[in-house]
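Here the sequence shown is numbered in the numbering used here, starting from 63 and rising by one per residue.
Worksheet for the structure shown next.
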Amino acid sequence: METMEHMILLLIWSTIDTSCAKIDVLVTINGAANLKCPTHSSSASTNWFVPGSVPQISNDNTLYTDNTRISITGNPGKGEYNLRISNVQTSDVGIYKCTISIKNVAYQHEFNLIIGKPPKNLRIENFENQSTVQKIEGEELVLKCTVESGQPKENLRFEKNRDIIKESNTSTVNLTVTLSHTDHQSRYTCKAISTALNVSLSQTITVNVLYAPQVNLGKVGESLMIKEGTT
63 METMEHMILL
73 LIWSTIDTSC
83 AKIDVLVTIN
93 GAANLKCPTH
103 SSSASTNWFV
113 PGSVPQISND
123 NTLYTDNTRI
133 SITGNPGKGE
143 YNLRISNVQT
153 SDVGIYKCTI
163 SIKNVAYQHE
173 FNLIIGKPPK
183 NLRIENFENQ
193 STVQKIEGEE
203 LVLKCTVESG
213 QPKENLRFEK
223 NRDIIKESNT
233 STVNLTVTLS
243 HTDHQSRYTC
253 KAISTALNVS
263 LSQTITVNVL
273 YAPQVNLGKV
283 GESLMIKEGT
293 T
């Protein structure tokens, strides 16, 4: 008996396509989420499952829920049955699944609904109220940038003249640079990159480096006359 049950389970699981990756869907409170089932067929039924509900909440265009914020969209002629959630609330967060069986192969796609929260309050410590700093060649420029993290997690980085020089997956990124005369007028920017932001969050410091003049009087062994008052 146990052998027969084991064979039945193997048969069932052998028909499920598990190659479909989970997709993160970022939404905002009171916004709309459109979940598009990647696999569709005009000759097969599509079912949707929502968090906290064991039975499906839809079969093709038919809904089995009294939640008026949920609807089915797409082109039924092509077998497209997508799930739309309007006026998204925090209670809607979770894993959504669409399933469809084509030629004895069951396809299941998962969507992880996430409420987006942009990072905020990015600052370069001790430089909050200034955009330039003056240093002497050979001195160290020490920068510490912090941000209040959002959802999903942002990428925090330092750029020098738009080139990335340091990155962090935490809410803090530190940078120490020993300055040379070639760093004069360089722009150091701390930037937070997040899909929850419409534009990046950043702060820039311009460095003015004081350095001794470099005098080149000519080739070694070559005579050169310098007259006072001339350049």
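Here a beta-carbon is modelled for each residue, glycine too, at the ideal position from N, C-alpha and C.
query: Please say whether Glu142 and His171 have beta carbons closer to each other than 9 Å?; result: no
query: Where does Ile70 sit, in a helix, a strand or coil, going by DSSP?; result: Confidence at Ile70 is low in this model, with a pLDDT of 35, below 50, so the placement of that residue is unreliable and no value is reported for it.
query: Confirm, please, whether the CB-CB distance from Asn121 to Asn109 is below 9 Å.; result: yes
query: Would DSSP call Lys84 helix, strand or coil?; result: coil
query: Identify whether Ile267 lies in helix, strand or coil by the three-state DSSP scheme.; result: strand
query: Using beta-carbon positions only, say whether Pro181 and Ser264 come within less than 9 Å of one another.; result: no
query: Looking at the secondary structure, which residues open and close the beta strand (DSSP E) in which Gln196 lies?; result: Thr194 to Ile198
query: Tell me whether the beta-carbon of Leu175 lies closer than 9 Å to the beta-carbon of Val87.; result: yes
query: Count the other C-beta atoms from every protein chain shown that fall within 10 angstroms of the C-beta of Ile134, then say buried if there are 16 or more, exposed otherwise.; result: buried
query: Checking the sheet assignment: what are the DSSP bridge partners for Asn165?; result: At residue 165 the sequence reads Lys, which differs from the Asn that was named. According to DSSP, which records beta bridges pairwise, Lys165 is partnered with nothing at all.
query: Just how far apart, CA to CA, sit Asn166 and Ser107?; result: 12 Å
query: Who are the near neighbours of Thr234 in its chain, counting only those whose CB is closer than 6 Å to its CB and skipping five residues on each side?; result: Thr208
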